[in-house]
Amino acid sequence: MKTFTAKPETVKRGWHVVDAEGKTLGRLATELACRLRGKHKAEYTPHVDTGDYLIVLNADKVAVTGNKRNDKIYYHYTGH
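See below:
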């Protein structure tokens, strides 16, 4: 049996709408990363972009446990 490899031109991308209200930040990030890479699909191939498109609603209402909302500093670096 040959190993299946997804071709970029045959990948079907879907759209997903995710409501982030009340979901824990880290668990939501893990779920979204999995869907963006396409690891939830049976035809996942590491070197081919098989991910789906995501729309995240209510991102400002995500649940942050402990004192992270007040104490932790989140950095964003663009690479320039």
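Residue 0 is where the sequence shown starts when you use numbering that gives the first Met the number 0, and the numbers rise one by one after that. No residue lacks a Cβ here, since even glycine has one placed at the ideal position from N, Cα and C. Just so you know, these numbers come straight off a predicted model, no measurement behind them.
Span of the alpha helix (DSSP H) around residue i
i, result
"aspartate 51", "Run containing aspartate 51: none; DSSP gives neither H nor E here."
"aspartate 70", "67-70"
Pick from the options that is closest to residue i, judged by C-alpha positions
i, options, result
"alanine 5", "Arg36, Asp70, Asn69, Val47", "Val47"
"glycine 13", "Met0, Glu20, His39", "His39"
"lysine 11", "Thr49, Lys60, Glu30, Thr44", "Thr49"
"valine 55", "Thr23, Ala19, Glu8", "Ala19"
"threonine 64", "Thr9, Thr2, Leu24", "Leu24"
Which of helix, strand or coil DSSP assigns to residue i
i, result
"threonine 23", "strand"
"alanine 62", "strand"
Extent of the continuous beta strand (DSSP E) run through residue i
i, result
"histidine 39", "That residue, histidine 39, is in no beta strand (DSSP E); it is neither H nor E in DSSP."
Task: Given 8 Å, three or more beta-carbon pairs between the segment 23-38 and the segment 71-78 - done: Taking a contact to require three or more Cβ pairs closer than 8 Å, the segment 23-38 and the segment 71-78 do not qualify as touching.
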